[in-house]
Structures are given as structure tokens and as C-alpha cells.
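Undergrad: Before we start, here is the structure in question, set down as C-alpha cells.
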Amino acid sequence: MESEPRFIVDNMLGTVARWLRILGYDTVYDDKAEDWMILRRAQIESRIIITRDRGLHNKALKNGLRSILLWEEDMAERLAHIGLIAGIRLSVDLERTRCPLDNTRLVKVSDKREVKDKVPPRVYELHEDFWKCTVCGKVYWIGRHWRLIEKILDEARRKLEQYRARTSIK
Ligand SMILES: [Zn+2]
Numbered sequence: 007m008e009s010e011p012r013f014i015v016d017n018m019l020g021t022v023a024r025w026l027r028i029l030g031y032d033t034v035y036d037d038k039a040e041d042w043m044i045l046r047r048a049q050i051e052s053r054i055i056i057t058r059d060r061g062l063h064n065k066a067l068k069n070g071l072r073s074i075l076l077w078e079e080d081m082a083e084r085l086a087h088i089g090l091i092a093g094i095r096l097s098v099d100l101e102r103t104r105c106p107l108d109n110t111r112l113v114k115v116s117d118k119r120e121v122k123d124k125v126p127p128r129v130y131e132l133h134e135d136f137w138k139c140t141v142c143g144k145v146y147w148i149g150r151h152w153r154l155i156e157k158i159l160d161e162a163r164r165k166l167e168q169y170r171a172r173t174s175i176k
């Protein structure tokens, strides 16, 4: 799993960082990071830069770093673009999912009673499986928002197929 791509995301793309973490990718995001900090960290930790800033993108390439310039607004298109270049999985595997807030790998809760006072009563009743972040303590479950995540990923996979068809030059 160590050979999986790791990312560092510029400060305009916080939502992209959260998505990459949900998909299980180690992603650094600091909304106060300046360009030089991003470049330096990308180099030291071999991370792929994801940015909307053409200047930063060009600097990265000039320094021999990997960088993806995201110009899309649509999240499915953004994910497909990252998928095309970095080969990320466009599906959620909860064994790998990281906390969207702090990038820590989630841990499955072995006894649901442990989260009883941390989730709404109805959620507690309806669900058997919970995951938690050992750093911020936030609890996650496959709730209603899940459908939206799946919908966007479906769309992203479709777009990726289109992109691949378009870029395959034989
Ligand atoms: Zn957390």
C-alpha cells in the first residue's frame, strides 16, 4: 500500500483534499501553506501536487515534481482528471478511508455501544457499522450522504472512461 500515490493539495482545493482522504489517499492540505512550502513538502515526501494555480503548477514541473493542474469546477470531472493522471481508485474502500478533516486512517468500531453518545439516537438505532477517527474523535457511518458520494463517483468513473477513450493514441 505504500506505493500508492500521496498528494498535497493547494489551499483553494479543500474539497478535493476531503474527497481524496475519503477515497483512502494520504493527502496533505493546509489552507495557510504558501507555494514554496507546498513545493518543498511535495519534494521531501514525494507527493503529487494538485492545484488550480498555473504558476504553482509550472514551478512544480520546473522542479521535476509531479503536479496536476485542475481547472474543472465539477467534482466528478476533477476526480476523473486525477484518476486519469494518478490512477486513483474511484470507489470507497472503508478499510482505507481517512478522516476528511485530518487525514488519519479511520478505525472500525468493534462495539457500537462505544459511539452511543456520539451519534444521533436514530442513527445509532439504524446502523450497525461505525468508524472513528482516533485523532479528532469524529464518528462516521454509511448514512444518507452516502448516496451522493456514490452518485458523484459513478459519474467520475463514466467521465474517466471518456477521458481514456479520448487520450488513447495508438
Ligand atoms: Zn479526524
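In our numbering, the protein residues as written are 7 to 176.
All residues carry an ideal CB built from backbone N, CA and C; glycine is no exception.
Everything numeric in this text was worked out from a predicted model, so none of it was measured.
1. Measure the alpha-carbon distance for Glu-40 versus Ile-14 and round it to whole angstroms.
2. Quick check: the Cα distance between Arg-163 and Glu-120, rounded to an integer number of angstroms?
3. Can you list, in chain order, every residue whose CB sits closer than 6 Å to a heavy atom of ligand 1?
4. May I have the straight-line CA-CA distance separating Met-105 from Cys-139, to the nearest angstrom?
5. Go ahead and pull the three-state DSSP assignment for Thr-21.
6. So if DSSP puts Ser-73 in a beta bridge, which residue, or which two residues, is it bridged to?
7. Quick one: measure Cβ to Cβ for Val-22 and Leu-76, integer angstroms, because I've assumed they're closer than 8 Å.
8. Can you give the beta carbon distance from Val-145 to Thr-110, rounded, assuming they're within the 8 Å contact cut?
9. Roughly how far, in whole angstroms, is the beta-carbon of Ile-50 from the beta-carbon of Ser-73, given that I think they are within contact range, below 8 Å?
10. What's the C-alpha gap between Leu-45 and Leu-71?
11. Determine the DSSP secondary structure at Ile-148, reduced to helix, strand or coil.
12. Ignore the nearest five residues each way along the sequence and tell me which others in Val-34's own chain have a CB closer than 6 Å to its CB.
13. To the nearest angstrom, how far is it from the Cα of Leu-62 to the Cα of Tyr-130?
14. When DSSP builds the beta bridges, which residues end up paired with Phe-13?
15. To the nearest angstrom, report how far apart Ser-97 and Arg-27 are at their CA atoms.
16. Measure the C-alpha to C-alpha separation of Lys-124 and Asp-117 and round it to an integer number of angstroms.
TA: According to the data block:
1. Start at 1 with the first residue of the sequence shown, and residue 40 comes out as number 34. Start at 1 with the first residue of the sequence shown, and residue 14 comes out as number 8. Take the alpha-carbon of Glu-40 and the one of Ile-14: they are about 12 Å apart.
2. Numbered from 1 along the sequence shown, position 157 holds the residue referred to as residue 163. Numbered from 1 along the sequence shown, position 114 holds the residue referred to as residue 120. So the alpha carbons of these two residues sit roughly 36 Å apart.
3. Chain order is used for the residues whose beta-carbon lies nearer than 6 Å to a heavy atom of ligand 1, namely Cys-105, Leu-107, Asp-108, Thr-110, Cys-139, Val-141, Cys-142 and Lys-144.
4. Here the question's residue 105 lines up with position 99 in the sequence shown. Here the question's residue 139 lines up with position 133 in the sequence shown. It is worth fixing the name first, because residue 105 is Cys in this sequence and not Met. Going by the C-alpha atoms only, they are around 6 Å apart.
5. In the sequence shown, counting from the first residue as 1, residue 21 sits at position 15. Correct three-state label for Thr-21: helix.
6. Position 67 of the sequence shown, counted from the start, is the residue given in the question as residue 73. Answer by DSSP bridge pairing, in chain order: Ile-55.
7. Position 16 of the sequence shown, counted from the first residue, corresponds to residue 22. Position 70 of the sequence shown, counted from the first residue, corresponds to residue 76. Confirmed, Cβ separation roughly 7 Å.
8. Here residue 145 refers to the residue found at position 139 when the sequence shown is read from its first residue. Here residue 110 refers to the residue found at position 104 when the sequence shown is read from its first residue. Val-145 to Thr-110, Cβ: 13 Å. No contact.
9. As a first step, residue 50 is located in the sequence shown; it is residue number 44 there, counting from the start. As a first step, residue 73 is located in the sequence shown; it is residue number 67 there, counting from the start. The pair is not a contact, with the Cβ atoms about 15 Å apart (cut-off 8 Å).
10. One-based indexing of the sequence shown puts residue 45 at position 39. One-based indexing of the sequence shown puts residue 71 at position 65. If you draw a straight line from the Cα of Leu-45 to the Cα of Leu-71, it is about 8 Å long.
11. As a first step, residue 148 must be located in the sequence shown, where it is residue number 142. Note: Ile-148 maps to coil in three-state DSSP.
12. As a first step, residue 34 must be located in the sequence shown, where it is residue number 28. Closer than 6 Å at the Cβ level, and outside the excluded window around Val-34, lie Ile-14.
13. Position 56 of the sequence shown holds residue 62. Position 124 of the sequence shown holds residue 130. So the two alpha carbons sit approximately 45 Å from each other.
14. Start at 1 with the first residue of the sequence shown, and residue 13 comes out as number 7. The partner list for Phe-13 (beta bridge, DSSP) reads Thr-33 and Ile-54.
15. Along the sequence shown, read from residue 1 onward, the residue named residue 97 stands at position 91. Along the sequence shown, read from residue 1 onward, the residue named residue 27 stands at position 21. So the two alpha carbons sit approximately 12 Å from each other.
16. For this step, residue 124 is matched to residue 118 along the sequence shown. For this step, residue 117 is matched to residue 111 along the sequence shown. Between Lys-124 and Asp-117, the C-alpha separation is close to 13 Å.
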